[in-house]
Every structure is written in C-alpha cells, then in structure tokens.
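In what follows, a structure is listed as structure tokens, so that the remarks can point back to it.
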Amino acid sequence: MSNEMYYVQASDPAILEKGECGGAVTALFKYLLDKGIVDGVLALKKGVDVYGAIPTFVTSSEDLLSTAGSLHCAPTMWGGIIKEYLQDAKIAVPVKPCDMRAIVELAKRAQINLDNVYMIGLNCGGTVPPKTAMEMIKLFYEVDPKDVVKEEIDKGKFIIVMKDGSHKEVKMHDLEDNGYGRRVNCQRCDEKIPRKADIAAGNWGVIGEDAGKYTFMEVCTEKGKQLLESAEKDGYIKTKAPNPKGLEIRAKVESSMLKMGEDYKNKWLEEKYPTIEEWNRQWNKCIKCYGCRDVCPVCFCRECALTADYVDTGSIPPDPIMFQGVRMSHMAFSCVNCGQCEDVCPMEIPVARIFHKIQEKTRKELGYRPGVDDEAPPALGGSCPTQ
Ligand code: FAD
Ligand code: SF4
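What follows is the structure in structure tokens.
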C-alpha cells in the first residue's frame, strides 16, 4: 500500500513564519512536547551565523521556535548523540536520510530503542561544509560571507539572502564542477527521502501559491499517521490534499536526484577513485588520532578492535592493513555514507570514499543496504537483535 501524502501547515503563526516551509515539523514537535508524549526534542539552533548550528535538546515547547528552519551548512549527525546521552529518554528528532540510516542501524544493534523515538524525516539534497560555503560565497558571489543572513538550496541552485534583503544564486553544478558546493558524500548520496522515518517532510511537490507556505509530508509508519491525525485534531496543524501536479513533480525530482547521485557515485568511486599508490601515500599521513572512528555514528563496539594489541602496535602511521582494514571490515556492513569520518580527518585523508566503496561492493554482492533494509546486517547473522 502506498504512503499517504499531505500538504501540512503549522497553525501557530510564529512557527509558520519561522519554519522553513509550512513549519509543520516544528508544529508536530510542539504537539509532542505539550502533550508530554516525548521528554524532549533534539534539534538544531542557528549559531552565530548561518554557517554554524548548535545541537539542542529542547524540553519546553516555548523554546522550540529557535530551532525552526533548515540549515544547509550543518552536516551534523544525531545517531551518536542519542546513543550516548539519550538512550532512555523519549524523544523526537528531525532526521536527514543519513541520520535516519544511522539511527536504524544503531537500533538493529540494540543501541537505540526506536519505540522511544519519533523520527521526522527531512528530504535532503545535501549539505555544504561551513568552510567551503564561506569560501565559495567570497569567490562566486563576490560578497562578504558575514553579510549573508539566510541560505537555501532550491531548484539546483545555492541561494543566499543578504542583510539588505537582496538575493544571489549560483547553480550547484557550476560550484561542484569547481570543487565547491555540497560535500562529496552528499553528491553521491542515494537516499533523498527518508522513508524509514515516521514521516518524511520536504518542499518538493509543493507548487503554485502553496509553495513556501506548506510542508509536503509523506506518512511512512502507523506511528507517523497517528501523530499527524492527533496533532490536526488538537489544532496544531492544518492539512490538505496535495496538488496532483505537485505529486508528479516530486516523483520526477526525486528520480532525477537519485540519477545524479549515481552519476556522482561513478565519478568519485570509480573514475576519480585513488590508485593503490595514492592510497599508500594517503595512509602514510595517518596520525592515528582515532577521529574517524570516534565520529562514526554507527561505530559502537564497547571494546574497540582498533586498540587491541595485535592492531595497535604503537607505530605511527599505523599499519593500514590492520588499522584501516579492521575499520573497513566493520564499515562494509554499516557505512551509511554520512561522510563524517572524512570531515573530521585532520590529515585530509578521503576515508569516506573507501568505506562507501566497500559498502557498495557488499551491497552488490549481498544486497544489503544499511539503514534502509529491515533485516540486520549479514555480519550479525541477518537476524535483528531488537526484533
Ligand atoms: P521546520 O518547522 O522549519 O523544522 C525544521 C527542523 O529541521 C527543525 O527542527 C530544525 O532544527 C531541523 N534542522 C535544520 N537543519 C537541519 C540539519 N542540517 N540537520 C538536521 N536537522 C535540521 N526538502 C526537499 O523537499 N528537498 C530538498 O532537497 C531538501 N534539502 C534539504 C537539505 C537540508 C540540509 C535540510 C536540513 C533540509 C532539506 N529539505 C529538503 C527539507 C526542507 O528544507 C524542510 O526542512 C522541510 O520541508 C520541513 O519544513 P518545515 O517548515 O516543516 O520545517
Ligand atoms: Fe588517521 Fe585521519 Fe582517522 Fe585520524 S581521522 S586516525 S588521521 S584516518
């Protein structure tokens, strides 16, 4: 049976005004908090400028307004935070597809209890690293990045709004062909609508006079359906049927984004994939800071194999077969292509590429997609410990 879809709008005018589209995501969070269904909402607050985002655990709906709106320069991940600090809390969280995938994988490994979590998905065309965003704004838009008060990604363009209200836009393709634009792992992402979340929200498909005033919501679970129905009954949101043309457009945009993702996969994992010699040069730079392991949202072993005597012989750089090889054996069944390992590597080693590539290989051979497929990873014997 296909998922139900709606245009949804927050009833609260302040949320509607501040929300990215119809403010529906924030309105649902408000409902969950006001009714005491969740202990808190894990969301993002804008930092000192549009390039920074602060993860925030909101426990009172009065504080929710500061978290409304989309931040495209915030490649944050929620899985690790929930696993470390909120395992026993009842929470709601807005999830990009890679967030969703990490949370689902952690649930399979009994690190997160999905019964405690409302996942409200955000469709995602990709994130831009803050430093790259500032550099490209100087270079391509020829303005001071500090004067930008809002950014958005729409119709294949990165758009900035300046202090004086003026807009400037550049095509994503032009930025990416020159080494700017979205993070490379977002470029090769193959999950754009997070359908493992309870509801998937976005702007794709909202057209005409409704554009910018409604959030498009696809209801993906029974829990999501009940949430939407009760929030509407209690006056937190208004819903209406989507424009049929909008439905068509949304399906077309999704499929063209997925096609683009496949093209980029081919570019980064095949055509421009480093040679063995290049990998050897890269591994020689490794200072064994463990940053790539620590930031990985899916890494959870209580006793890490990387610190076992037979792996950690004390040498720097570490033996790549042991060090990166052990990580690779875990990543083959787990990598959700969030790109965090590459983001944090102080030596700028393109680690995410090797992990994503090995995951793709495993997927081709065993058909398993972490965070998208229901069954547990083949390494756990295919049976899910949480089921
Ligand atoms: P709001 O009520 O404004 O609530 C948005 C929620 O998202 C808030 O809780 C906020 O804290 C949280 N949030 C903001 N930034 C992030 C982030 N980086 N990571 C995690 N949570 C965040 N929709 C599409 O249809 N197509 C797209 O290509 C697309 N790309 C997106 C890319 C990014 C990086 C993000 C964050 C969102 C994207 N969206 C996309 C979703 C869209 O921008 C809106 O977030 C969605 O329609 C919900 O609108 P709303 O008014 O109901 O949300
Ligand atoms: Fe090595 Fe980079 Fe990982 Fe640090 S983050 S251990 S330098 S690969």
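Per the working numbering, numbering through the sequence shown is continuous, rising by one, with the last residue being 461. A virtual CB, placed ideally from N, CA and C, is assigned to each residue, including glycine. Source: prediction; values computed, not measured.
The alpha-carbon of N277 is positioned some 7 Å away from that of G286.
In the three-state DSSP reduction, L116 falls in the strand class (E or B). I234: member of the beta strand (DSSP E) spanning 231-236, first to last residue. Runs of the beta strand (DSSP E) lying entirely within the region 158-187 and spanning at least 3 residues, in chain order: 165-169. Linking A148 to V124 through their CA atoms gives a straight-line distance of about 9 Å. The residue from K341, K270, G93, E250 with its alpha-carbon nearest to that of L138 is G93.
Remark: the shortest separation between the CB of M421 and any heavy atom of the ligand SF4 falls under 7 Å. The continuous beta strand (DSSP E) containing Y81 extends over residues 78-84. Cα atoms of E377 and L116: separation of roughly 28 Å, rounded to the nearest angstrom.
The beta carbons of C260 and G200 sit closer together than 8 Å. Three or more Cβ pairs closer than 8 Å define a contact, and the region 199-215 falls short of that threshold against the region 389-399. Put simply, the region 239-258 does not touch the region 152-164. Fewer than three CB pairs are less than 8 Å apart. Per DSSP, the unbroken alpha helix (DSSP H) holding Y338 starts and ends at 318-340. A direct Cα-Cα distance of roughly 39 Å separates A181 from N252. Set against 7 Å, the gap from the CB of I155 to the closest heavy atom of the ligand FAD is not smaller. At a Cβ-Cβ threshold of 8 Å, A305 and L102 count as neighbours. Inter-residue distance for P424 and E303 is about 45 Å (C-alpha atoms, whole angstroms). Listed as beta-bridge partners of F131 by DSSP are L116.
Annotation note: the region 197-235 contains the following uninterrupted beta strand (DSSP E) runs of length 3 or greater, listed N- to C-terminal: 222-228. For E243, the enclosing beta strand (DSSP E) covers residues 241-245.
From the listed residues L118, I111, V369, M421, the smallest Cα separation to L196 is found for L118. In the DSSP assignment, I89 falls within the unbroken alpha helix (DSSP H) covering 87-92. Between I234 and G126, the alpha-carbon positions lie close to 15 Å from each other. Ranked by Cα distance from G114, the first of G121, T100, K120, V122 is T100. Counting only residues of its own chain and dropping the five nearest sequence neighbours on each side, R324 has a CB closer than 6 Å to the CB of W278, G279.
With respect to M193, Q414 sits apart: the two C-beta atoms are not nearer than 8 Å. One thing to note: I311 has its Cβ within 8 Å of the Cβ of A98. The beta carbons of K242 and V223 sit about 12 Å from each other, so the pair does not count as a contact at 8 Å. F290: member of the beta strand (DSSP E) spanning 289-293, first to last residue.
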